[in-house]
Amino acid sequence: MKIKTLFVLLILMATAPLSQADVLLKDTQGNTISFASLKGKWVLINYWAGWCKTCIEEIPELNRFYQKHEKDPVVLFAVNYDGLPIHKQKRLIQKFNIQYPSLVTDPALALGLGDIIGVPVTFVINPKGELVNTLYGGQDLKTLDMEIEKT
């Protein structure tokens with residue numbers, strides 16, 4: 026019986042909104058974004074690294090996704106997996122032409138995303154604030170579009 030109860034609790038936790046308290050996200054441009062202000066929008070958080078070939082290869086697809094959905098209730102953030110100082114992050118952002126906002130600090134712990142065990146990885150958060158998918162490996166426009174078209 027204890028196992029069934031534990032299983033039910035795990036299911037409820039997995040579908041609960043990510044955070045009851047508001048989390049403040051800061052981007053490399055100095056903007057502070059309240060996670061609560063993103064409610065009602067799809068939020069995708071992509072972890073990448075400058076040494077990761079697959080990460081670099083997916084950037085043009087992520088740029089296309091960002092451009093396509095700029096006016097939609099969709100937000101895409103980059104997070105540098107290496108936790109580099111902001112000036113080094115900005116250099117890499119420019120070098121690899123990342124056109125979508127990049128967060129200065131890793132929000133995984135604050136948002137309850139779990140451990141990041143490799144890159145690239147993209148977390149998909151629905152408009153209710155629930156983590157609905159974790160996409161491992163390089164993504165393309167079609168795959169990302171399919172994620173936000175799910176009901």
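This note's numbering puts the first residue of the sequence shown at 26, with every later residue one more than the last. The C-beta atom is built at its ideal place from N, Cα and C for all residues, glycine as well. Predicted, not measured: the structure shown is a model, and the values here were computed from it.
Start and end of the alpha helix (DSSP H) containing Tyr72?
-> On the sequence shown, residue 72 is found 47 positions in, with the first residue counted as 1. It is not in any alpha helix (DSSP H) - Tyr72 instead sits in the beta strand (DSSP E) that spans Trp67 to Trp73.
Gly137 to Lys78 span [Cα, whole Å] = As a first step, residue 137 must be located in the sequence shown, where it is residue number 112. As a first step, residue 78 must be located in the sequence shown, where it is residue number 53. Cα to Cα, Gly137 sits roughly 27 Å from Lys78.
Where does Lys167 sit, in a helix, a strand or coil, going by DSSP?
-> Along the sequence shown, read from residue 1 onward, the residue named residue 167 stands at position 142. Three-state result, Lys167: helix.
For Thr57, the three-state DSSP class (helix, strand or coil) | Within the sequence shown, the letter at position 32 stands for residue 57. The answer is strand: DSSP assigns Thr57 an E or B state.
Check Phe121 in the structure and name its three-state DSSP category.
-> Translated into the one-based positions of the sequence shown, residue 121 becomes position 96. DSSP places Phe121 in coil when its eight states are reduced to three.
List the endpoints of the continuous alpha helix (DSSP H) containing Asn105.
-> Here residue 105 corresponds to residue number 80 of the sequence shown, with the count starting at 1. Counting along the chain, Asn105 falls outside any alpha helix (DSSP H), though it belongs to the beta strand (DSSP E) covering Val99 to Asn105.
Going straight from the alpha carbon of Pro132 to that of Glu172, what length do you get?
-> For the purposes of this step, residue 132 is identified with residue 107 of the sequence shown, where counting begins at 1. For the purposes of this step, residue 172 is identified with residue 147 of the sequence shown, where counting begins at 1. If you take the alpha carbons of Pro132 and Glu172, they lie about 21 Å apart.
Could you check what DSSP says for Leu160 in three-state terms: helix, strand or coil?
-> Taking the sequence shown and counting its residues from 1, one reaches residue 160 at position 135. Correct three-state label for Leu160: strand.
Decide if Thr147 is buried, meaning its Cβ has at least 16 other Cβ atoms within 10 Å, or exposed.
-> Locating residue 147 in the sequence shown gives position 122, counting from the first residue. With 16 or more other Cβ atoms within 10 Å, it is buried.
Would you identify the three-state DSSP class for Lys153, choosing helix, strand or coil?
-> Counted from its first residue, the sequence shown places residue 153 at position 128. The answer is coil: DSSP assigns Lys153 none of H, G, I, E or B.
Can you tell me whether Gln92 is buried or exposed, with buried defined as 16 or more other CB within 10 angstroms of its CB?
-> Taking the first residue of the sequence shown as 1, we reach residue 92 at position 67. With fewer than 16 Cβ atoms within 10 Å of its Cβ, Gln92 is classed as exposed.
What does DSSP give as the partner residues of Phe90 in its beta bridges?
-> In the sequence shown, residue 90 corresponds to position 65, counting from 1. Beta-bridge pairing links Phe90 to no other residue.
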